[in-house]
Amino acid sequence: KQEVTQIPAALSVPEGENLVLNCSFTDSAIYNLQWFRQDPGKGLTSLLLIQSSQREQTSGRLNASLDKSSGRSTLYIAASQPGDSATYLCAVLYSGGGADGLTFGKGTHLIIQP
Amino acid sequence: GAGVSQSPSNKVTEKGKDVELRCDPISGHTALYWYRQSLGQGLEFLIYFQGNSAPDKSGLPSDRFSAERTGGSVSTLTIQRTQQEDSAVYLCASSLVVIGDSDYEQYFGPGTRLTVT
Chain A
1 KQEVTQIPAA
11 LSVPEGENLV
21 LNCSFTDSAI
31 YNLQWFRQDP
41 GKGLTSLLLI
51 QSSQREQTSG
61 RLNASLDKSS
71 GRSTLYIAAS
81 QPGDSATYLC
91 AVLYSGGGAD
101 GLTFGKGTHL
111 IIQP
Chain B
115 GAGVSQSPSN
125 KVTEKGKDVE
135 LRCDPISGHT
145 ALYWYRQSLG
155 QGLEFLIYFQ
165 GNSAPDKSGL
175 PSDRFSAERT
185 GGSVSTLTIQ
195 RTQQEDSAVY
205 LCASSLVVIG
215 DSDYEQYFGP
225 GTRLTVT
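Residue numbers (the numbering used here), protein chains in the order written: chain A, 1 to 114; chain B, 115 to 231.
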């Protein structure tokens with residue numbers, strides 16, 4: 001059974017810092033990995049999707065990497081801003097058979113201090 | 115439409131009553147997913163539709179839960195005889211699935227917050 005873990009569970013940093021969020025998964029049989037952000041009381045916003053054949057994706061100040069063989073992904077946020085405050089979720093789409101839904105980690109709650 | 119929509123946004127119901135939650139996916143998306151987000155469990159996958167067919171219903175928490183999709187578009191998630199442990203946010207997502215392509219990016223709706231009293 002696929003399991004996804006995110007570290008740290010919470011993080012508070014001053015504005016302007018670069019930071020890294022970590023995600024690990026137990027089974028390397030994945031189609032892709034997605035990073036989402038969730039604001040309080042809201043749905044999920046997709047940030048980046050990395051397909052299993054890719055190593056990284058970039059969007060603006062965000063960069064996500066994928067090392068499928070070691071079961072790890074990182075989300076790098078450059079020059080953090082207070083508007084980046086949210087919960088960040090990592091999810092994988094397992095290709096090892098069974099249902100076709102995403103398996104999520106429990107998220108990293110990020111606070112950027114002004 | 116511009117995105118995935120869900121209704122109602124909030125639902126309060128008494129224990130034992132039935133509820134229906136609705137999801138309207140992005141136009142043209144053939145795949146539709148239901149998830150549940152509760153405080154203790156995080157986000158968990160419930161069921162997936164490819165067109166109107168749900169190949170695997172094993173993720174549904176109990177036989178009180180059912181889902182259907184008609185016309186390859188709108189889906190409803192029905193919970194019968196609701197219990198307090200059903201209280202959660204129910205999220206719907208859709209994706210444009212292309213056979214032979216691994217790009218299954220899922221786009222989520224705002225969710226329905228269900229409270230069972």
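For every residue, glycine included, the Cβ atom is placed at its ideal position computed from N, Cα and C.
For the 8 Å Cβ check, are there 3 or more pairs between the segment 21 to 35 of chain A and the segment 89 to 103 of chain A? yes
Counting C-beta neighbours from all protein chains within 10 Å, is the total for B:G225 16 or more, i.e. buried, or is it exposed? Here residue 225 of chain B corresponds to residue number 111 of the second sequence, with the count starting at 1. That one is buried.
Judging by CA-CA distance, which residue of B:G117, B:V133, B:S209, B:T229 is the nearest neighbour of B:E199? Locating residue 199 of chain B in the second sequence gives position 85, where the first residue counts as 1. Of the candidates B:G117, B:V133, B:S209, B:T229, the one whose C-alpha sits nearest the C-alpha of B:E199 is B:T229.
When the cut-off is 9 Å and only beta carbons count, does A:G107 lie next to chain B? The count along the first sequence starts at 1 and reaches residue 107 of chain A at position 107. Closer than 9 Å to some Cβ of chain B, the Cβ of A:G107 qualifies, so yes.
Closest by C-alpha distance to B:D177, when choosing among B:Y162, B:T196, B:S189, B:G185: Along the second sequence, read from residue 1 onward, the residue named residue 177 of chain B stands at position 63. Comparing Cα positions, the closest option is B:T196.
Report the option in A:I77, A:G41, A:S28, A:D27 whose CA atom is closest to the CA atom of A:L47. For the purposes of this step, residue 47 of chain A is taken as the residue at position 47 of the first sequence. With distances taken between Cα atoms, A:L47 lies closest to A:I77.
Looking only at C-alpha atoms, which of B:F222, B:E219, B:S201, B:L210 sits nearest to B:K129? In the second sequence, counting from the first residue as 1, residue 129 of chain B sits at position 15. Nearest of B:F222, B:E219, B:S201, B:L210 to B:K129, Cα basis: B:S201.
Rounded to the nearest angstrom, what separates A:N18 and A:E56 at their Cα positions? Here residue 18 of chain A refers to the residue found at position 18 of the first sequence. Here residue 56 of chain A refers to the residue found at position 56 of the first sequence. Each residue's alpha carbon lies about 17 Å from the other.
Would you say A:A91 faces chain B, with C-beta separation under 9 Å as the test? Your numbering for residue 91 of chain A matches position 91 in the first sequence. Judged by the 9 Å Cβ criterion, A:A91 is in contact with chain B.
Compare the C-beta of A:K1 with all C-beta atoms of chain B and state if any pair is closer than 9 Å. As a first step, residue 1 of chain A must be located in the first sequence, where it is residue number 1. Not one chain B Cβ lies under 9 Å of A:K1.
Straight-line gap, A:V20 to A:S69 (C-alpha atoms, nearest Å): As a first step, residue 20 of chain A must be located in the first sequence, where it is residue number 20. As a first step, residue 69 of chain A must be located in the first sequence, where it is residue number 69. Roughly 20 Å separates the two Cα atoms.
Mapping the DSSP letters down to three states, classify B:E128 as helix, strand or coil. If you number the second sequence from 1, residue 128 of chain B lands on position 14. The answer is coil: DSSP assigns B:E128 none of H, G, I, E or B.
Can you tell me where the beta strand (DSSP E) with A:I111 in it begins and where it stops? In the first sequence, counting from the first residue as 1, residue 111 of chain A sits at position 111. Counting along the chain, the beta strand (DSSP E) containing A:I111 begins and ends at 108 to 113.
Quick check: the Cα distance between B:C206 and A:I50, rounded to an integer number of angstroms? By 1-based counting over the second sequence, the position of residue 206 of chain B is 92. By 1-based counting over the first sequence, the position of residue 50 of chain A is 50. Rounded to whole angstroms, B:C206 to A:I50 spans 21 Å at the Cα level.
Have a look at the DSSP bridge pairing and note the partners of B:S162. Translated into positions along the second sequence, residue 162 of chain B becomes position 48. Strictly speaking, residue 162 of chain B in this sequence is Tyr, with Ser absent from that position. DSSP output for B:Y162 lists B:Y147 as bridge partner(s).
Own chain residues within Cβ distance below 7 Å of B:I161, not counting five before or after: As a working mapping, residue 161 of chain B is identified with position 47 in the second sequence. Cβ within range, chain order: W148, A168, K171, G173, L174, A181.
Counting pairs of Cβ atoms below 8 Å between the segment 100 to 113 of chain A and the segment 3 to 12 of chain A, do you hit three or more? yes
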